[in-house]
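Engineer: Structure incoming, see below.
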Amino acid sequence: MGPDGAPGPTVPWRKVLWERQPFPDNYVDQRFLEELRRNEGIRQYRYWAVVKEAGFVGQQLSCVALFISLWLYMEQGLLCPETLLWGSLVCALLGYGLYQSLLPQVESGCEPRTGLADLQSAAIFLSFTFGFSPVLKTLTESVSTDTVYAMSAIMLLAHLVSFPYAQPSPPGSLSLNAALFASVCLASRLPGALHTFAMLSCALMVFALWPCLLQRLKETAPGHFTGVCVGVCVGGVGGLGSQSPGGAVLLALALGSVTLLCPLLLVCLQRHKDNIHGPWDEAEIHEDLSRLS
Amino acid sequence: MVLKIFFPQCCNRADSGLLVGRWISGHESAVVLAVIHYPFIPGQVKQYIQQMQAQSGVELSVLGSWSLPKEGQEGMESFLRDLSTIFPQERWLQIKRTMGKTGFTCQILNRDQNGKIVQQEITKKKKKVKEEIEDEDHCDGGDNKEQNQEEEEEEGEKVIFVHYEQRKVMLSQLHPIENGVPDTKTEPPSELRQVFQTVASNQPLFFLDRYDDGPLKSTHWQSEGREASIIVELLKQASVPLCFFISWLLSIWTWVCNMRVFSLYPLKFLSSKLSTCIQLSYRTEHMRTISSSTAAKGHTEFMRKANVLVSFLVDVALGLLLISWLYRDNHISTLANTLVPAADHVAKELEELLQWLMGAPAGLKMNRALDQVLGRFFLYHIHLWISYIHLMSPFIEGILWYGGLSACLGLTFALSLLSDMVALLTFHIYCFYVYGARLYCLKIYGLSSLWRLFRGKKWNVLRQRVDSCSYDLDQLFIGTLLFTVLLFLLPTTALYYLVFTLLRLVVVLFQGVLHLSVDFINSFPLFAMGLRICRSYRLAEGVKFRVLCEEPGTALHLLMEINPLKCSTVIQTYRTPTYSCYPKDSWAALIKKLFVGELIYPWRHKTTKTD
Numbered sequence: 033m034g035p036d037g038a039p040g041p042t043v044p045w046r047k048v049l050w051e052r053q054p055f056p057d058n059y060v061d062q063r064f065l066e067e068l069r070r071n072e073g074i075r076q077y078r079y080w081a082v083v084k085e086a087g088f089v090g091q092q093l094s095c096v097a098l099f100i101s102l103w104l105y106m107e108q109g110l111l112c113p114e115t116l117l118w119g120s121l122v123c124a125l126l127g128y129g130l131y132q133s134l135l136p137q138v139e140s141g142c143e144p145r146t147g148l149a150d151l152q153s154a155a156i157f158l159s160f161t162f163g164f165s166p167v168l169k170t171l172t173e174s175v176s177t178d179t180v181y182a183m184s185a186i187m188l189l190a191h192l193v194s195f196p197y198a199q200p201s202p203p204g205s206l207s208l209n210a211a212l213f214a215s216v217c218l219a220s221r222l223p224g225a226l227h228t229f230a231m232l233s234c235a236l237m238v239f240a241l242w243p244c245l246l247q248r249l250k251e252t253a254p255g256h257f258t259g260v261c262v263g264v265c266v267g268g269v270g271g272l273g274s275q276s277p278g279g280a281v282l283l284a285l286a287l288g289s290v291t292l293l294c295p296l297l298l299v300c301l302q303r304h305k306d307n308i309h310g311p312w313d314e315a316e317i318h319e320d321l322s323r324l325s
Numbered sequence: 006m007v008l009k010i011f012f013p014q015c016c017n018r019a020d021s022g023l024l025v026g027r028w029i030s031g032h033e034s035a036v037v038l039a040v041i042h043y044p045f046i047p048g049q050v051k052q053y054i055q056q057m058q059a060q061s062g063v064e065l066s067v068l069g070s071w072s073l074p075k076e077g078q079e080g081m082e083s084f085l086r087d088l089s090t091i092f093p094q095e096r097w098l099q100i101k102r103t104m105g106k107t108g109f110t111c112q113i114l115n116r117d118q119n120g121k122i123v124q125q126e127i128t129k130k131k132k133k134v135k136e137e138i139e140d141e142d143h144c145d146g147g148d149n150k151e152q153n154q155e156e157e158e159e160e161g162e163k164v165i166f167v168h169y170e171q172r173k174v175m176l177s178q179l180h181p182i183e184n185g186v187p188d189t190k191t192e193p194p195s196e197l198r199q200v201f202q203t204v205a206s207n208q209p210l211f212f213l214d215r216y217d218d219g220p221l222k223s224t225h226w227q228s229e230g231r232e233a234s235i236i237v238e239l240l241k242q243a244s245v246p247l248c249f250f251i252s253w254l255l256s257i258w259t260w261v262c263n264m265r266v267f268s269l270y271p272l273k274f275l276s277s278k279l280s281t282c283i284q285l286s287y288r289t290e291h292m293r294t295i296s297s298s299t300a301a302k303g304h305t306e307f308m309r310k311a312n313v314l315v316s317f318l319v320d321v322a323l324g325l326l327l328i329s330w331l332y333r334d335n336h337i338s339t340l341a342n343t344l345v346p347a348a349d350h351v352a353k354e355l356e357e358l359l360q361w362l363m364g365a366p367a368g369l370k371m372n373r374a375l376d377q378v379l380g381r382f383f384l385y386h387i388h389l390w391i392s393y394i395h396l397m398s399p400f401i402e403g404i405l406w407y408g409g410l411s412a413c414l415g416l417t418f419a420l421s422l423l424s425d426m427v428a429l430l431t432f433h434i435y436c437f438y439v440y441g442a443r444l445y446c447l448k449i450y451g452l453s454s455l456w457r458l459f460r461g462k463k464w465n466v467l468r469q470r471v472d473s474c475s476y477d478l479d480q481l482f483i484g485t486l487l488f489t490v491l492l493f494l495l496p497t498t499a500l501y502y503l504v505f506t507l508l509r510l511v512v513v514l515f516q517g518v519l520h521l522s523v524d525f526i527n528s529f530p531l532f533a534m535g536l537r538i539c540r541s542y543r544l545a546e547g548v549k550f551r552v553l554c555e556e557p558g559t560a561l562h563l564l565m566e567i568n569p570l571k572c573s574t575v576i577q578t579y580r581t582p583t584y585s586c587y588p589k590d591s592w593a594a595l596i597k598k599l600f601v602g603e604l605i606y607p608w609r610h611k612t613t614k615t616d
């Protein structure tokens, strides 16, 4: 009684095991694997769209490079802390104005922050940083320079890796904390308490406030967003180049590979994709549960 | 079926007479307590037995007859057999011994339903009636009887004689002790226990001594009479007023202690911390136990009282020895003169230690600013302490002199006082330890919490687990700053904590040794150990049997010797419960506490009220 023998019994085979059937347990008929689906829901990437998205990653890399170049300037004494402080203040005010003027299209559920709340936050930041900067300055006195550099490098790498590129506005805890930790390590190497304070304010702006502005920009003016990314990349390369040309070359290579090479690889390798789906997959919940909380 | 007869050794050579004792139900054994000689009046014997039964609470009865025929006492045998009619019993033992032979012979007569006495018979259907035996005796003399008895032995019950020393079994206590009335639901006490109990309860029977001129003459273990132990009697008489006096003193002391002024919070707190006060209250409890007016019921209470009394006396003796050494040759002033320089020396050593910490100790990376702050803080404390010691220095000799007097209450008091003084003198080390530990604990707690913030997680108190959490920007920023600060200041704090913890542990160890020795003196059962060494038969764990005589034809004779209790069991059973000073935490818990920075109090006292 096999599949290619004489016609089987009149009872058709059903795919159930809780009924005694005249077939063996591992019998399958010609409808085997008819529910198999290949590469379901696969996205067709277009090269330039991917490049545009990857630009954001490059932008973040350049931000970090910009920050490091600022620190290099401070350390060598080419930039005095007052200048940096005034510059940061101006940039912050400009950015705040831009942020307020770009109204979001989608009204989020919670009420928008008032200007007073923002002022309060800013006051807390500044007072805390100013109060702690003498302490922060002496933190890494007894730690050797190599250790400090290594720690900062690792932390900045962690920041880049864990950054929430999809939605930068509520900042990811680990990325922000890692960046701040690295900036404290670096800032404590500077010669004075005011330098530390200036560096930390700059770090706060670059790592905490800038992504919020970018998010708002991305939502309201996508075209300008790309332009900003490109601008930041160029600025990063240029800033690093003024201090160490080797670094600039390295950064340019990295940017190039991230923004141009990797999307190419992604698009090319798509055709090798071979996913199979079927009724045996785990159930996925597609509903948005955040509305319940 | 084997019948065991427990026979006292003192009756081995007694004259012929009646056996008085007890049948142990369910175990096929009998305990012989005494032999009552002729001449006696059966009515008087019955009266005497009933009197004894009422006094001791044990079922006594006449077990049978004993015959050790001397010269010219030939007709005893028949006379003895006639006695079984006078004392109606279920079973009647007839034990006979001839001079020159070591073995006994035993005949058992059972009463059947008709009231006729028949011999035990199993296989051979020889029905021996009592008259028949008598006839045979009269005819044949001794040989046939012996042979018949032999045959009876083979086919009837086997008898084993277990000889025991009456005095030892009477005074001995079988362990483990069963207190109170045994429950009928539980197993009935074992045979051995019943034997011991029988002999011990029948003390009134044994008080009949050889100087007594009563109607009955008996052989059993006899005391020397009341007149012989005068000193013991005098002590017993004198102890009653002494107990009253002590109770009166104790009531005054309790009244003083319960005065309102002493229940104020600071005094109460202090008195619960000072080990001298604890020891004082503990000794008060002891004295109350000793001086209670009721006599000790039961073996455990008696041993407890005796142990407490003996250890108290030994304690006082040791204390007086210490006093005699201390107040001789000006030892007190020598001690006082070395105390202040010793405290100075300790302070100087501490200062040097702090200076070393404030530098770069062992090449560790310390944060200079924090280092300086902590170091200066502790240095100032030491300076305060040294001024205090110098202020106290003229009074130290007086304090020592009066403190030494307290040793007359016992060595334990002197040791507790020493422990308290050590605690007071090293109070600054304790303070440093607390500061260091609190700082360290706070730091560790803050670090762990901020580390969770670093990763974007939070401790869920309700579910006791770590959950993810989305923080605000402010929280993240300030949290990271604090985290960095705490992390880099950790080595400094940890080092200070380590140093002060080590110092504190040294002090705690010393105090622990003192407390352990005090506890040892308090709880060691000296009286029980003395009893075990000198009179080992008083504390019995069991018995062992030795074969005395195993001749064919006679019954088996065994000697029952008491197995004394093992020393470790003695200590375990009779240890006076104290505020046993034992380490509260296991090693693992202690190390974990040290790591986290919780304050450790390794020696914990249980409350004095144990019930």
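Protein sequence lines correspond, in order, to chains B and A. Going by our numbering, the first sequence opens with residue 33, and the numbers climb by one from there. Going by our numbering, the second sequence opens with residue 6, and the numbers climb by one from there. For glycine and all other residues, C-beta sits at the position ideal for the given N, C-alpha and C.
#1: With Pro317/A as the anchor, note down where its alpha helix (DSSP H) starts and where it stops.
#2: Helix, strand or coil for Asp140/A per DSSP?
#3: Please report how far the alpha carbon of Leu189/B lies from the alpha carbon of Leu226/B, in whole angstroms.
#4: Going by beta carbon distance, what residues of the same chain come within less than 6 angstroms of Asn153/A, once the five residues before and after it are set aside?
#5: Using a Cβ cut-off of 8 angstroms (strictly closer), state whether Phe482/A contacts chain B.
#6: Check the Cβ of Ser153/B against every Cβ in chain A and list those closer than 8 angstroms, keeping chain order.
#7: Less than 8 angstroms separating the beta-carbons of Ser201/B and Gln132/B?
#8: Is Lys106/A near the ligand GDP, going by C-beta to nearest heavy atom under 7 angstroms?
#9: Does the Cβ of Ile127/A have 16 or more other Cβ atoms within 10 Å, making it buried, or fewer, making it exposed?
#10: Skipping 5 residues on each side, what residues in its chain have a beta carbon closer than 6 angstroms to that of Ser94/B?
#11: Taking only beta-carbon positions, decide if Leu486/A is within less than 8 angstroms of chain B.
#12: Nearest CA to the CA of His191/B: which residue from Ala235/B, Leu297/B, Met106/B?
#13: Relative to chain A, which residues along the region 197-208 of chain B have a C-beta separation below 9 angstroms, given in chain order?
#14: Could you check if Asn119/A is buried or exposed, using at least 16 other CB atoms within 10 Å of its CB as the buried criterion?
#15: Got a sec? Which residues, its chain only, sit under 7 angstroms from Ser522/A by beta carbon, not counting five neighbours each side?
#16: So that I know if they touch, is there some Cβ in chain B lying closer than 8 angstroms to that of Met363/A?
#17: Rounded C-beta distance between Leu168/B and Val216/B? I'm assuming under 8 angstroms.
#18: Thinking C-alpha only, which one of Gly558/A, Ala322/A, Val40/A, Asp472/A is nearest Asp20/A?
#19: Let's test the definition: count the other Cβ atoms within 10 Å of the Cβ of Gln208/A and tell me whether it reaches 16, buried, or not, exposed.
#20: Check the C-beta distance from Val83/B over to Pro295/B and give it rounded, since I have them as a contact under 8 angstroms.
#21: State the Cα-Cα distance for the pair Met57/A and Leu275/A, rounded to the nearest angstrom.
#22: Nearest-angstrom Cα distance between Gln49/A and Ser573/A?
#23: Touching or not, the region 370-387 of chain A and the region 299-310 of chain A, by the rule of three or more beta carbon pairs under 8 angstroms?
#24: For Thr172/B, would you say it is in contact with chain A, using Cβ-to-Cβ distances shorter than 8 angstroms as the test?
#25: Count the CB pairs spanning the region 280-295 of chain B and the region 64-75 of chain B that are closer than 8 angstroms, and state whether there are at least three.
#26: For Ile567/A, count neighbouring C-beta atoms within 10 Å of its own C-beta (all shown protein chains included) and say buried if the count is 16 or more, exposed if not.
#27: For a test of the three-state rule: what should DSSP assign to Ser223/A, helix, strand or coil?
#28: Determine the burial state of Asp477/A: buried for a count of at least 16 other Cβ atoms within 10 Å of its Cβ, exposed for fewer.
#29: Enumerate in chain order the residues of its own chain whose CB-to-CB distance from Arg198/A is below 7 angstroms, with the five nearest sequence positions on each side excluded.
#30: Does the Cβ of Pro530/A have 16 or more other Cβ atoms within 10 Å, making it buried, or fewer, making it exposed?
#31: Compare the Cα-Cα distances from Ala86/B to each of Gln62/B, Thr258/B, Met183/B and report the closest residue.
#32: How do the region 394-407 of chain A and the region 486-503 of chain A stand: do at least 3 beta-carbon pairs fall below 8 angstroms, yes or no?
#33: Could you tell me the distance, in whole angstroms, from the CA atom of Asp148/A to the CA atom of Val164/A?
#34: Within 10 angstroms of the Cβ of Cys300/B, are there 16 or more other Cβ atoms? Answer buried if so, exposed if not.
#35: Could you work out which residues of chain B lie near Ser454/A, taking near to mean beta carbons separated by less than 9 angstroms?
#36: For Ile308/B, does the three-state DSSP call read helix, strand or coil?
Structural biologist: Let's see:
#1: Note that residue 317/A is Phe in the sequence shown here, rather than Pro. Start and end: 303-331.
#2: With a pLDDT of 42 at Asp140/A, under the threshold of 50, the predicted position of this residue should be treated as unreliable, though the coordinate-derived value follows. Of the three classes helix, strand and coil, the one that applies to Asp140/A here is helix, per DSSP.
#3: 27 angstroms
#4: With a pLDDT of 41 at Asn153/A, under the threshold of 50, the modelled position of this residue cannot be trusted; read the value that follows with caution. Closer than 6 angstroms at Cβ, skipping near neighbours: no residue.
#5: yes
#6: Leu478, Asp479
#7: no
#8: Of ligands this structure carries none, so the ligand GDP is not represented either.
#9: Any answer about Ile127/A is weak, because its pLDDT of 27 lies below 50 and its placement is not dependable; what the coordinates show is given next. That one is exposed.
#10: Val264, Cys265, Gly268
#11: yes
#12: Ala235/B
#13: Pro202, Pro203, Gly204, Ser205, Leu206, Leu208
#14: At Asn119/A, the pLDDT of 47 sits below 50, so the modelled position is not reliable; the number obtained from the coordinates is stated separately. So Asn119/A counts as exposed.
#15: Leu420
#16: no
#17: 6 angstroms
#18: Val40/A
#19: exposed
#20: 5 angstroms
#21: 59 angstroms
#22: 49 angstroms
#23: no
#24: yes
#25: no
#26: buried
#27: strand
#28: exposed
#29: Leu179
#30: buried
#31: Thr258/B
#32: no
#33: Here the model assigns Asp148/A a pLDDT of 42, short of 50, so the residue's position is not dependable and the matter cannot be decided.
#34: exposed
#35: Result: empty, since nearest Cβ-Cβ is about 13 angstroms, beyond 9 angstroms.
#36: strand
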